[in-house]
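K.L.:
Okay, here's the structure, questions in a sec.
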Amino acid sequence: MGTLKKFLGTTSLFLFIITASISFVILFTPLYSYTASSLGIPEKLNMSMEDLMANYYVLLQYLHFPWITELNFPDFVSSESGLFHFFEVKILFYLNYFILIISAAGSYLYFKTLKKSRRIWLLQKPFFIAALIPPILLMFLAVSFDRMFVLFHEIFFNNDDWLFNPVTDPIILALPQEFFMYTFLLFFFLIEIIFILMYQYSKRNAFK
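First residue of the sequence shown? That's 1 in UniProt numbering, and the numbers climb one at a time after it.
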């Protein structure tokens, strides 16, 4: 098997795992309801949990459905810069799902080739190394999530529209930083579990 083919195949596997994990975290609405309940967000905003979740679902629908071109929260006003930030997030979501689909096809073909040629063992080293990365990132998160949060936005956005003003964009009060910290934690936990399982699988089925 050529070096390029191995590189592309392994890259497809990692991209699939990462984008699939991101997709799961995005769609795992119980995480938001837990955060809102534990932090008492409905009480702080003087609204019911049902109304808060309704606004959250409106946001998710806007971010996912191409035919929804305007974001109108039932209970929150929005500034032009706030709406533009959510539009940029929408584009990132679509990019994630596009990579997910492409990498899923590449991963399937590569994995099928490895199994047919009995070269599952080729996955041992890549997944062993990969499994070392999430714990390191979690250490950075534990030491300074604020810095990681800012760095994340500096990488993916070329403006300051993500710095919401609670007066002009009160939706930010419903999306506290703790929620995003929990999403990071869940994401790192998911990929770490998958990396470990893939390493164990490749080791166990190396010569089958």
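Ideal Cβ positions, reconstructed from N, Cα and C, are used throughout, including at glycine. Computed from a prediction, not measured in an experiment: that's the story for all the values here.
Check the C-beta distance from THR19 over to LEU100 and give it rounded, since I have them as a contact under 8 Å.
P.N.:
Looking up residue 19 in the sequence shown gives position 19. Looking up residue 100 in the sequence shown gives position 100. Between LEU100 and THR19 the Cβ distance is about 4 Å, and since that is below 8 Å, they are a contact.
K.L.:
Given a cut-off of 8 Å, decide if MET47 and ASP75 are closer than it, judged by their beta-carbon atoms.
P.N.:
The residue labelled residue 75 in the question sits at position 75 within the sequence shown. The residue labelled residue 47 in the question sits at position 47 within the sequence shown. A contact, by the Cβ cut-off of 8 Å.
K.L.:
Check whether the Cβ atoms of GLY40 and ASP169 sit closer than 8 Å, and answer yes or no.
P.N.:
Mapped onto the sequence shown, residue 40 falls at position 40. Mapped onto the sequence shown, residue 169 falls at position 169. No, these two residues do not count as a Cβ contact at 8 Å.
K.L.:
Does the segment 19–33 touch the segment 185–201, meaning 3 or more C-beta pairs lie closer than 8 Å?
P.N.:
With a cut-off of 8 Å, the segment 19–33 and the segment 185–201 count as touching, because enough Cβ pairs lie within range.
K.L.:
Rounded to whole angstroms, what is the Cα-Cα separation between PHE180 and SER202?
P.N.:
On the sequence shown, residue 180 is found 180 positions in, with the first residue counted as 1. On the sequence shown, residue 202 is found 202 positions in, with the first residue counted as 1. One C-alpha to the other measures close to 33 Å.
K.L.:
Using a 10 Å radius around the Cβ and a threshold of 16 neighbouring Cβ atoms, would you call SER38 buried or exposed?
P.N.:
Numbered from its first residue, the sequence shown carries residue 38 at position 38. Exposed is the call here.
K.L.:
Grab the span of the alpha helix (DSSP H) containing LEU83 for me, first residue to last.
P.N.:
By one-based count along the sequence shown, residue 83 stands at place 83. First-last of the alpha helix (DSSP H) with LEU83: 80–116.
K.L.:
So what's ASP75 in DSSP terms, helix, strand or just coil?
P.N.:
The sequence position of residue 75 within the sequence shown is 75, counting from 1. In this structure, ASP75 counts as coil in the three-state DSSP scheme.
K.L.:
Please confirm if the segment 50–65 is in contact with the segment 85–101, defined as three or more CB-CB distances below 8 Å between the two stretches.
P.N.:
As far as the Cβ criterion goes, the segment 50–65 touches the segment 85–101, which means the pair count is three or higher.
K.L.:
How many Å lie between TYR57 and ILE172 at the Cα?
P.N.:
Here residue 57 refers to the residue found at position 57 of the sequence shown. Here residue 172 refers to the residue found at position 172 of the sequence shown. One C-alpha to the other measures close to 15 Å.
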